[in-house]
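Student: What follows is a structure written as structure tokens; I'll ask about it next.
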Amino acid sequence: MSEPLSKIPSGMRYYFGQEARLRRAVEDAVVSVFTGWSYEEITTPSVDYYALFERGMGREEAHRAVRFMDGDGRLLALRPDMTSSVARAAATLFAERPRPLRFCYAAPVFRQQPHSHAEWRRESTQLGCELIGPGGAAADMEVLAIAVEVLAKLGLWQHCSITLNSVEVFNGIAEGLALDPAARDEMRRLIDMRDAAELGRFLTPRTSSATERAAFGRLTQLSGKRETLHQARRVITNKRSTNALDELEQLWKMIEALNLTDRFEIDLGDVLELDYYTGLVFRIYISGAGTRVGRGGRYDSLTANFGRTEPAIGFVLDLEALTDVLAKTDSAFAGESNKPNEVVPLACDDEARLLVEATERRRRGERIRIDFASES
Amino acid sequence: MLELTIAVAKGRMQDQALALMERAGIRVDEAALASRRLAVTDASERYRFVFVKPADVPVYVEHGIADCGVVGRDVLLESGADVLQPLDLGISRCRIAVATTHPEIPFSEFGMLRVATKYPNIAAKHFGALGIPVEIIELSGSVELAPVLGLADCIVDLVETGRTLAENGLSIVEEITESTGRLVVNRASYQLKAASVAPLIARLNEAVNEIALEKPSSD
Numbered sequence: 002m003s004e005p006l007s008k009i010p011s012g013m014r015y016y017f018g019q020e021a022r023l024r025r026a027v028e029d030a031v032v033s034v035f036t037g038w039s040y041e042e043i044t045t046p047s048v049d050y051y052a053l054f055e056r057g058m059g060r061e062e063a064h065r066a067v068r069f070m071d072g073d074g075r076l077l078a079l080r081p082d083m084t085s086s087v088a089r090a091a092a093t094l095f096a097e098r099p100r101p102l103r104f105c106y107a108a109p110v111f112r113q114q115p116h117s118h119a120e121w122r123r124e125s126t127q128l129g130c131e132l133i134g135p136g137g138a139a140a141d142m143e144v145l146a147i148a149v150e151v152l153a154k155l156g157l158w159q160h161c162s163i164t165l166n167s168v169e170v171f172n173g174i175a176e177g178l179a180l181d182p183a184a185r186d187e188m189r190r191l192i193d194m195r196d197a198a199e200l201g202r203f204l205t206p207r208t209s210s211a212t213e214r215a216a217f218g219r220l221t222q223l224s225g226k227r228e229t230l231h232q233a234r235r236v237i238t239n240k241r242s243t244n245a246l247d248e249l250e251q252l253w254k255m256i257e258a259l260n261l262t263d264r265f266e267i268d269l270g271d272v273l274e275l276d277y278y279t280g281l282v283f284r285i286y287i288s289g290a291g292t293r294v295g296r297g298g299r300y301d302s303l304t305a306n307f308g309r310t311e312p313a314i315g316f317v318l319d320l321e322a323l324t325d326v327l328a329k330t331d332s333a334f335a336g337e338s339n340k341p342n343e344v345v346p347l348a349c350d351d352e353a354r355l356l357v358e359a360t361e362r363r364r365r366g367e368r369i370r371i372d373f374a375s376e377s
Numbered sequence: 049m050l051e052l053t054i055a056v057a058k059g060r061m062q063d064q065a066l067a068l069m070e071r072a073g074i075r076v077d078e079a080a081l082a083s084r085r086l087a088v089t090d091a092s093e094r095y096r097f098v099f100v101k102p103a104d105v106p107v108y109v110e111h112g113i114a115d116c117g118v119v120g121r122d123v124l125l126e127s128g129a130d131v132l133q134p135l136d137l138g139i140s141r142c143r144i145a146v147a148t149t150h151p152e153i154p155f156s157e158f159g160m161l162r163v164a165t166k167y168p169n170i171a172a173k174h175f176g177a178l179g180i181p182v183e184i185i186e187l188s189g190s191v192e193l194a195p196v197l198g199l200a201d202c203i204v205d206l207v208e209t210g211r212t213l214a215e216n217g218l219s220i221v222e223e224i225t226e227s228t229g230r231l232v233v234n235r236a237s238y239q240l241k242a243a244s245v246a247p248l249i250a251r252l253n254e255a256v257n258e259i260a261l262e263k264p265s266s267d
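Just so you know, the sequences run in chain order A and B.
The first sequence begins at 2 in the working numbering and counts up by one.
The second sequence begins at 49 in the working numbering and counts up by one.
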């Protein structure tokens with residue numbers, strides 16, 4: 002029995018017409034912001050060794066890659082992620098270049114078995130940028146400022162929320178509880194799901210201190226503005242976590258100075274992220290999209306996999322998710338991208354002359370359309 | 049003004065969920081419920097309730113069509129839905145258990161255990177962790193019949209009182225986990241509509257605590 006050729010694999014789709022125009026306009030707008038901040042476009046191999054992604058993203062995420070065998074038996078993957086490959090280039094190809102390195106990209110990635118039933122696509126386009134070399138709050142803020150400018154340019158600033166956290170807050174707590182990797186993942190999952198009830202049950206055999214249990218249970222609820230950090234300090238006292246809280250506070254001061262606090266939230270319950278993040282993590286949500294449309298963070302140890310340890314931070318936006326929201330919400334940006342250009346229709350019995358006129362008009366930059374005689 | 053859409057699992061969960069909502073100060077008109085409408089608004093017109101099949105609750109919430117939902121933990125475990133679960137509502141309490149007609153035969157005697165269930169993912173995960181090879185037979189109802197008629201060696205099902213099991217000659221040999229009604233929230237709504245979601249969670253939490261205090265401790 003053969004499949005009909007009309008069938009399209011699940012998770013794949015077409016873009017055409019108005020939607021394709023909008024998608025192109027979004028991509029151009031976002032990339033123009035990246036280049037405005039001096040981020041250089043980079044294209045990475047679409048197919049790479051699976052081991053690269055397993056190292057880069059962690060096993061669980063890398064497992065979602067579409068994998069196949071190379072001629073020599075080594076495992077290849079359609080890239081599920083851009084950052085792993087960019088980090089490798091930074092540590093190898095560009096090892097000798099002066100820092101900072103600034104890279105941006107607009108490229109499709111491929112993943113199967115989505116986390117959420119709402120993320121059904123197996124191909125999605127990542128619009129992203131990476132800043133490699135500098136660490137600290139100023140570098141964090143540069144990348145956040147780019148995200149803010151992108152959202153403003155798309156007319157989405159008033160409809161978005163960016164949540165901030167540091168993975169070190171959780172790491173400090175997990176270290177204090179001496180959790181094995183499986184238990185650590187389980188605790189991270191429960192906090193991420195904000196499941197205070199199950200988290201309490203999880204912690205009971207692991208810590209005898211009721212105060213500690215209550216404190217960590219609060220992690221699922223701690224979100225808000227600057228006061229969140231003060232509340233967190235009252236219940237979390239280990240050195241590693243408090244250092245992370247200090248760093249978040251420093252970043253928050255910059256956000257205050259830029260007058261951006263309206264759309265930013267500190268959310269200490271946001272802990273389920275790729276293994277490569279080492280400090281700040283952030284997620285971008287937009288009204289009208291049921292899932293997050295962007296995420297980013299600091300990954301200071303990723304390049305160490307390739308022989309050179311250095312600070313790095315970056316973020317990605319999902320082009321298709323942005324396009325969907327803009328199309329669905331009758332946004333000004335979508336209206337602008339759909340403005341019809343004036344078309345000069347050309348029709349003539351003498352086909353030789355017709356094409357002479359067509360090429361002349363094109364040279365003048367006009368938009369033309371040839372109407373063949375048989376159509377009319 | 050409408051603030052949140054809440055998907056509620058139809059059936060037994062629905063009545064208990066609405067009773068809990070009422071205790072939290074969210075009233076839904078009886079007449080509206082009695083009608084066959086699938087979406088009703090509460091008295092304050094801030095919340096819209098939609099009533100859908102239990103398995104569909106996480107679907108609506110994951111897609112953000114509903115901001116919140118009320119559904120059993122059994123459904124969430126089975127679907128692996130990517131939703132936030134901030135509150136155990138303590139309603140519709142039951143267990144997910146393994147039951148069989150021949151409790152005297154240990155499962156290690158089976159080279160392949162045939163398991164009938166409405167919860168293929170939960171069952172596969174449970175026996176997978178135990179290293180028992182299984183053939184999962186997915187049924188959509190009256191699961192208790194399967195071992196009686198010889199379709200399966202055991203079942204994985206939701207057990208409330210255990211009466212149906214007993215009447216069909218089955219006994220529980222293992223409890224996998226407990227299930228109660230949960231409040232679930234869409235990830236984006238949790239952030240973008242925090243001003244509405246956080247008070248809802250707080251009010252429901254108060255109501256849940258009140259009920260827990262009223263219940264005799266022997267329960």
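Beta carbons: idealized from backbone N, C-alpha and C, even for Gly.
Closer than 7 Å, Cβ to any Cβ of chain B: which residues of the stretch 161-184 of chain A, in chain order?
Tutor: For the stretch 161-184 of chain A, which is checked against every Cβ of chain B, the residues closer than 7 Å are Ser162 and Thr164.
Student: Does the stretch 154-169 of chain B come close enough to the stretch 179-194 of chain B to have 3 or more Cβ pairs within less than 8 Å?
Tutor: Yes, the stretch 154-169 of chain B touches the stretch 179-194 of chain B.
Student: For Ala255(B) and Leu68(B), what's the separation of their Cα atoms in angstroms?
Tutor: The alpha-carbon atoms of Ala255(B) and Leu68(B) are separated by roughly 7 Å.
Student: For Val196(B), which option in Leu218(B), Thr212(B), Gly210(B) and Phe175(B) has the closest C-alpha, if you only look at C-alpha atoms?
Tutor: The candidate whose alpha carbon is nearest that of Val196(B) is Leu218(B).
Student: For the stretch 118-127 of chain B against the stretch 90-104 of chain B, do three or more pairs of beta-carbon atoms, one drawn from each stretch, fall closer than 8 Å, so that the two count as touching?
Tutor: Contact between the stretch 118-127 of chain B and the stretch 90-104 of chain B is present, because at least three Cβ pairs lie under 8 Å.
Student: In the structure shown, what three-state DSSP assignment does Ser209(A) receive?
Tutor: Correct three-state label for Ser209(A): coil.
Student: So, does the CB of Ser117(A) fall closer than 8 Å to a CB anywhere in chain B?
Tutor: Yes, its Cβ sits closer than 8 Å to a Cβ of chain B.
Student: Only counting the same chain, and skipping five residues up and downstream in sequence, which positions put a Cβ closer than 6 Å to that of Thr243(A)?
Tutor: Counting only Cβ-Cβ distances below 6 Å, and skipping sequence neighbours, we find nothing.
Student: Which term fits Lys263(B), buried or exposed, when burial requires 16 or more other beta carbons within 10 angstroms of its beta carbon?
Tutor: Exposed, by the Cβ-count rule.
Student: DSSP three-state call for Arg313(A): helix, strand or coil?
Tutor: Reading off the sequence shown, one finds Ala at residue 313(A), where the question assumed Arg. Three-state result, Ala313(A): strand.
Student: For Leu240(B), would you say it is in contact with chain A, using Cβ-to-Cβ distances shorter than 8 Å as the test?
Tutor: Yes, because at least one Cβ of chain A sits closer than 8 Å to the Cβ of Leu240(B).
Student: Would you list, in chain order, the members of the stretch 120-137 of chain B that have their beta-carbon closer than 8 Å to a beta-carbon of chain A?
Tutor: Within the stretch 120-137 of chain B, the qualifying residues are Ser127, Ala129, Asp130, Val131, Leu132, Gln133, Pro134, Leu135 and Asp136.
Student: Using a Cβ-Cβ cut-off of 8 Å (strictly less than) and excluding sequence neighbours within five positions of Arg251(B), which residues of its own chain qualify?
Tutor: Contacts found: Ala72, Gly73 and Ile74.
Student: By how many angstroms is the C-alpha of Glu343(A) removed from the C-alpha of Val357(A)?
Tutor: Near 20 Å, if we compare the C-alpha coordinates of Glu343(A) and Val357(A).
Student: Below 8 Å on the Cβ atoms is my contact criterion, and I expect Ala305(A) with Ile133(A) to pass it. Report the Cβ-Cβ distance as a whole number of Å.
Tutor: Not a contact, Cβ separation roughly 12 Å.
Student: Would you call the CB atoms of Glu223(B) and Ala145(B) closer than 8 Å?
Tutor: The answer is yes: Cβ separation under 8 Å.
Student: Are any of the Cβ atoms in chain A nearer than 8 Å to that of Val100(B)?
Tutor: Chain A, which has no Cβ nearer than 8 Å to the Cβ of Val100(B), makes this no.
Student: Report the CB separation of Thr221(A) from Arg214(A) in whole angstroms; it is logged as a contact under 8 Å.
Tutor: Incorrect: roughly 12 Å between the Cβ atoms, too far for contact.
Student: Given this structure, state the Cα-to-Cα distance separating Ala242(B) from Glu187(A), to the nearest angstrom.
Tutor: Cα to Cα, Ala242(B) sits roughly 25 Å from Glu187(A).
Student: Does the beta-carbon of Gly32(B) have 16 or more other beta-carbons within 10 angstroms, so that it is buried, or is it exposed?
Tutor: Outside the modelled stretch of chain B, which goes from 49 to 267, sits residue 32(B), for which no answer is possible.
Student: Give me the chain B residues within the contact set of Glu228(A), using Cβ-Cβ distance strictly less than 9 Å, ordered along the chain.
Tutor: What Glu228(A) touches in chain B: nothing, since even the nearest Cβ is about 14 Å away.
Student: Take the Cβ of Leu69(A) as the centre, count every other Cβ of all protein chains shown within 10 Å, and call the residue buried at 16 or more, exposed below.
Tutor: Checking the sequence, you will find Phe at residue 69(A) rather than Leu. So Phe69(A) counts as exposed.
Student: Residues in the stretch 196-207 of chain A with C-beta within 9 Å of chain B's C-beta atoms, listed in sequence order?
Tutor: Hits within the stretch, in order: Asp196, Ala197, Ala198 and Glu199.
Student: Just the C-alpha distance for Ser92(B) and Leu52(B), rounded to the nearest angstrom, thanks.
Tutor: Computed Cα separation, rounded: 12 Å.
Student: Locate the beta strand (DSSP E) running through Arg68(A), then write down its first and last residues.
Tutor: Note, Arg68(A): beta strand (DSSP E), Arg68 to Met70.
Student: Quick one: grab the DSSP three-state call for Glu367(A).
Tutor: Of the three classes helix, strand and coil, the one that applies to Glu367(A) here is coil, per DSSP.
Student: Along chain B, in chain order, which residues have C-beta atoms closer than 8 Å to that of Tyr286(A)?
Tutor: Correct list: Arg235, Ala236, Gln239 and Leu240.
Student: Excluding five sequence neighbours on each side, which residues of the same chain lie with their C-beta closer than 8 Å to the C-beta of Asp267(B)?
Tutor: Its pLDDT being 45, under 50, Asp267(B) is placed unreliably by the model, and the measurement read from it follows with that caveat. None.
Student: Considering only residues of the stretch 170-216 of chain A, which uninterrupted alpha helix (DSSP H) runs meet the minimum length of 4 residues and lie entirely inside it, listed in chain order?
Tutor: For the stretch 170-216 of chain A, whole alpha helix (DSSP H) runs of length 4 or above, ordered along the chain, are 182-193 and 197-204.
Student: What does Arg75(A) reach in chain B if we use C-beta pairs closer than 9 Å?
Tutor: Within 9 Å Cβ-Cβ: nothing; Arg75(A) doesn't reach chain B, min ~29 Å.
Student: Just checking: is the beta-carbon of Thr292(A) within a distance shorter than 8 Å of some beta-carbon in chain B?
Tutor: Answer yes: the Cβ-Cβ gap between Thr292(A) and chain B drops below 8 Å somewhere.
Student: Following the continuous beta strand (DSSP E) through Ser127(B), name the residue where it begins and the one where it ends.
Tutor: Unbroken run through Ser127(B) is the alpha helix (DSSP H), Arg121 to Ser127; no beta strand (DSSP E).
Student: Arg299(A) and Asp141(A) look like a contact to me (Cβ under 8 Å); what is the Cβ gap, rounded to whole Å?
Tutor: Right, their Cβ atoms sit about 7 Å apart.
Student: For Arg14(A), which residues of its own chain have a beta-carbon under 6 Å away from its beta-carbon, when the five flanking residues on both sides are left out?
Tutor: Within the same chain, Arg14(A) has no close Cβ partners at all.
Student: Going along the chain, which unbroken runs of the alpha helix (DSSP H) with 4 or more residues stay wholly within the stretch 52-90 of chain B?
Tutor: Runs of the alpha helix (DSSP H) inside the stretch 52-90 of chain B: 60-71 and 78-82.
Student: Buried or exposed: where does His174(B) fall if 16 or more other Cβ atoms within 10 Å of its Cβ makes it buried?
Tutor: When all chains shown are included, His174(B) counts as buried.
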